[in-house]
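Take a look at the structure set out below.
Protein chains: 2
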Amino acid sequence: MAVVVDLEEERERKAPSLDALAALVADDMARVNEAIVARMHSPVPLIPQLAGHIVAAGGKRLRPMLTLAAARLCGHAGQRHIPLAACVEFIHTATLLHDDVVDESALRRGLASANAVWGNKASVLVGDFLFSRAFELMVEDGSIRILAILSHASSVIAEGEVLQLATANDTTTGEDAYLDVVRAKTAALFAAASRIGAVIGERPKAEEEALESYGLNLGIAFQLIDDVLDYSARQEKLGKAIGNDFQEGKITLPVILAFRRGDDDEREFWRRTLERLEQAADGSDLRRALDLLERHRCLADAVRRARHYGEIAKDALGIFADSPLKAALLGCVDFSIERAY
Amino acid sequence: MAVVVDLEEERERKAPSLDALAALVADDMARVNEAIVARMHSPVPLIPQLAGHIVAAGGKRLRPMLTLAAARLCGHAGQRHIPLAACVEFIHTATLLHDDVVDESALRRGLASANAVWGNKASVLVGDFLFSRAFELMVEDGSIRILAILSHASSVIAEGEVLQLATANDTTTGEDAYLDVVRAKTAALFAAASRIGAVIGERPKAEEEALESYGLNLGIAFQLIDDVLDYSARQEKLGKAIGNDFQEGKITLPVILAFRRGDDDEREFWRRTLERLEQAADGSDLRRALDLLERHRCLADAVRRARHYGEIAKDALGIFADSPLKAALLGCVDFSIERAY
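Chains A and B are the protein sequences, given in the same order.
So the first sequence is numbered by this note's numbering: it starts at 1 and just counts up by one.
So the second sequence is numbered by this note's numbering: it starts at 342 and just counts up by one.
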């Protein structure tokens with residue numbers, strides 16, 4: 001038994017993690033958190049209450065971390081990246097608030113979602129507030145280029161969300177259409193968060209584009225793995241909820257592959273469960289879904305697809321000189337993918 | 342009978358209207374409408390469909406009209422005011438979409454509301470899209486000052502909406518607290534829409550501030566009268582729906598006055614109908630509300646309050662030389678108030 005435990009520990013030690021990146025930007029991130037708290041303040045108490053709830057729920061702060069790391073990688077010695085990283089997190093938080101309303105989610109990262117506690121109305125409006133506040137932060141920074149990058153990303157995110165709504169519960173959605181949604185709703189903000197680091201660092205366009213490509217492809221890989229995790233046996237063993245996407249009839253890459261690789265009987269199964277949302281209350285449909293995903297190697301192949309985008313992200317950083325920061329950004333790609341196991 | 346009709350016609354002829362202002366900016370407004378259609382385009386068809394529905398429902402386009410008129414009043418000879426007026430209308434439309442979700446409205450300007458046709462989800466997301474697109478338009482214009490004015494106004498609007506939510510169905514809301522909501526949720530955008538006209542015209546700060554004051558006070562007067570119209574016997578005679586605010590338990594100036602001027606029995610009536618929303622299905626409670634508003638002269642006094650703000654708005658324009666445009670802006674104030682009759 002002792003050997004098994006050691007092997008498991010060995011595995012954990014070697015598993016890619018965000019620790020290196022988080023450590024390198026820890027001081028900056030502490031100041032980003034201060035800026036977030038300071039700038040979500042409002043004389044209307046409900047705003048810091050509700051916004052504080054979702055910001056405190058935390059998560060990895062991956063997007064602002066990208067802005068911090070990219071700015072440092074590009075040699076920025078000042079402080080502009082702090083409020084701009086907060087601004088990226090505000091945009092992300094605003095979209096989370098609106099997403100939870102749209103998805104009618106009761107939970108967010110294991111806690112009651114803001115809409116479950118304060119209602120949809122407050123979530124819509126506080127989301128609007130955070131979004132406006134993000135633009136105020138950008139205006140204070142004063143760079144029209146950064147305003148252009150982030151306002152465009154915001155439009156693209158909203159377009160992606162609407163597109164996702166239009167393709168929801170539609171099993172005819174293909175892999176390319178799905179990737180369009182992922183690029184827009186998730187990867188666009190990763191890309192913008194990374195790119196503005198180069199703008200802050202006043203680096204040449206090639207470096208801006210390299211960081212944008214890094215963020216975009218990292219974001220795609222990240223979302224693909226998120227979608228895999230929702231069907232992951234290992235997640236279930238770790239006590240995490242799985243099957244949310246299935247329950248909502250979300251069309252993600254694993255089921256897109258299963259639908260295409262299945263026979264008529266299986267396709268009818270997917271249509272019944274994901275389009276008509278007729279699902280057995282005893283969980284037997286989720287079991288069958290997991291079985292089909294396994295049989296057709298859909299999860300493994302979705303991870304392979306994610307790895308493809310991860311490789312592009314890593315190659316994009318090739319023009320930067322080696323440094324601990326660059327290594328940590330490369331490690332972030334590995335973490336985003338290998339967390340699937 | 343003929344005499345009565347003539348008097349009525351006479352009255353209509355003399356009644357203040359928006360016609361003069363609309364005529365002076367008609368060419369510009371046609372181009373604003375083109376810009377609106379062009380810039381709400383998206384490869385995701387639901388976006389122009391839904392946005393087109395609410396934009397086509399039209400309304401008076403008062404806010405972009407203010408930007409156009411203010412820019413011309415300030416001598417702007419170029420075209421910058423066209424996309425910026427479209428941007429103001431986008432911000433307004435985004436807030437309407439989110440308002441209708443928050444208020445669960447089924448109707449908007451007599452037509453089915455967007456949320457009633459396409460659902461709350463699409464309304465939230467298309468609102469986000471229009472809001473982002475508004476910022477993209479500002480970024481294209483390139484003025485950090487205008488970005489600062491409109492991003493701040495957007496934050497204030499969202500704060501005002503949250504504040505309104507917090508005070509909803511609360512009969513202890515006082516006149517000052519109510520005015521804070523009105524200033525934020527309505528007047529801030531009127532103020533910003535007017536002020537940016539002076540920024541576009543590159544006029545001195547005093548003129549910026551004069552136009553901001555004009556817009557702010559016009560906006561307050563406009564909202565106060567909107568609230569009066571919801572209880573107006575004349576509106577009812579014209580076949581327009583009244584009593585929506587009553588039904589939703591909205592605390593507006595007329596009922597704030599009635600609550601303070603009433604006796605214990607009347608206050609209990611307002612608490613029952615507006616706080617607990619226990620209202621007779623036969624409309625008898627609305628009748629009693631109208632009766633109480635009449636008995637305590639609440640509507641007449643709310644109009645008097647509106648007139649006070651209207652006077653401030655008109656005086657603010659005193660520093661501008663007389664011109665047909667200035668006269669039309671003054672007429673806009675009169676229209677906003679006298680439409681109560």
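Backbone N, C-alpha and C fix where the C-beta goes; we use that ideal spot for every residue, glycine too.
Computed from a prediction, not measured in an experiment: that's the story for all the values here.
Using the rule of at least 16 other Cβ atoms within 10 Å of the residue's Cβ for burial, across every protein chain shown, is residue i buried or exposed?
i	result
T186(A)	buried
K314(A)	buried
K581(B)	exposed
T513(B)	exposed
D521(B)	buried
R39(A)	buried
D369(B)	buried
K121(A)	buried
M231(A)	Just to set this straight, residue 231(A) is Tyr in the shown sequence, not Met. It counts as buried.
S155(A)	buried
R204(A)	Going by the sequence as given, residue 204(A) is Pro instead of Arg. Its Cβ having fewer than 16 others within 10 Å, P204(A) is exposed.
F564(B)	A small correction: the amino acid at residue 564(B) is Gln; Phe does not occupy that position in the sequence shown. That one is buried.
Y682(B)	exposed
D315(B)	Nothing about residue 315(B) can be read from this structure; chain B reaches only from 342 to 682.
Q79(A)	exposed
N456(B)	buried
D568(B)	buried
R295(A)	exposed
A475(B)	buried
E268(A)	exposed
E500(B)	buried
A356(B)	exposed
G310(A)	buried
E619(B)	exposed
L348(B)	Note that L348(B) scores 48 on pLDDT, short of 50, meaning its location in the model is unreliable and no value can be drawn from it.
R402(B)	buried
H382(B)	exposed
Shortest alpha-carbon distance to residue i belongs to which of the options?
i	options	result
D263(A)	L293(A), L253(A) and R234(A)	L293(A)
I432(B)	S105(A), S132(A) and A94(A)	S132(A)
I653(B)	L671(B), V596(B) and L438(B)	L671(B)
L96(A)	P45(A), L73(A), L317(A) and D128(A)	D128(A)
S664(B)	L414(B), R648(B) and P357(B)	L414(B)
A184(A)	D170(A), H308(A), V55(A) and V162(A)	V162(A)
H417(B)	E550(B), V540(B) and R617(B)	V540(B)
V44(A)	A630(B), L506(B) and A361(B)	L506(B)
L666(B)	V366(B), S535(B) and T614(B)	V366(B)
T614(B)	D632(B), R372(B) and Q588(B)	Q588(B)
R234(A)	P48(A), R195(A), E338(A) and S17(A)	E338(A)
R612(B)	F600(B), S484(B) and S383(B)	F600(B)
V373(B)	F676(B), H422(B), T434(B) and H493(B)	H422(B)
A71(A)	E212(A), Q279(A) and T252(A)	E212(A)
C332(A)	G243(A), G219(A), A321(A) and L290(A)	G219(A)
I54(A)	S123(A), E104(A), D103(A) and T67(A)	S123(A)
If I follow the unbroken alpha helix (DSSP H) through residue i, where does it start and stop?
i	result
T514(B)	It is not in any alpha helix (DSSP H) - T514(B) carries neither H nor E in the DSSP assignment.
A669(B)	P665 to E679
P424(B)	H422 to D444
G416(B)	No alpha helix (DSSP H) contains G416(B), which DSSP labels as neither H nor E.
S473(B)	N461 to D482
R380(B)	A367 to R380
P48(A)	L46 to A57
By the criterion of Cβ-Cβ separation under 8 angstroms, what are the contact partners of residue i in chain C?
i	result
R474(B)	Absent from the structure is chain C; the protein chains it does hold are A and B.
Residues of the region 94-113 of chain A with Cβ closer than 7 angstroms to any Cβ of chain B, in chain order | If the cut-off is 7 angstroms between Cβ atoms, the region 94-113 of chain A has H98, V101 and V102 near chain B.
At a Cβ cut of 8 angstroms, what residues of the region 482-494 of chain B count as close to chain A, listed as they run along the chain? G483, I485, L488, A489, S492 and H493
For the region 267-282 of chain A, list every residue whose C-beta sits within 9 angstroms of some C-beta in chain B, in sequence order. none
Contact list for the region 44-58 of chain A against chain B, Cβ threshold 7 angstroms:
V44, L46 and I47
Along the region 623-645 of chain B, what residues have a CB closer than 9 angstroms to any CB found in chain A?
none
(Q) Extract the residue ranges of the alpha helix (DSSP H) inside the region 583-646 of chain B, only unbroken runs of 4 or more that lie entirely within it. (A) 585-589, 594-602, 605-611 and 625-636
task: With 7 angstroms as the C-beta to C-beta threshold (strictly closer), list the residues of the region 499-525 of chain B near chain A in chain order.
output: A499, E500, E502, V503, L504, L506 and A507
Cβ-based contacts, 7 angstroms cut-off: residues of the region 457-471 of chain B near chain A:
K462, A463, V465, L466, V467, D469 and F470
Please give the ranges of any alpha helix (DSSP H) in the region 512-578 of chain B, keeping only runs that are unbroken, at least 4 residues long and fully inside the region. With a minimum length of 4 residues, the continuous alpha helix (DSSP H) runs that stay inside the region 512-578 of chain B are 516-523, 529-541, 546-570 and 574-578.
Original post:
Going along the region 182-210 of chain A in order, which residues come within less than 8 angstroms of chain B, judged by CB to CB distance?
Top reply: none
>> Give me the subset of the region 60-78 of chain A whose CB atoms are less than 8 angstroms from a CB atom of chain B, sorted by chain position.
In response: none
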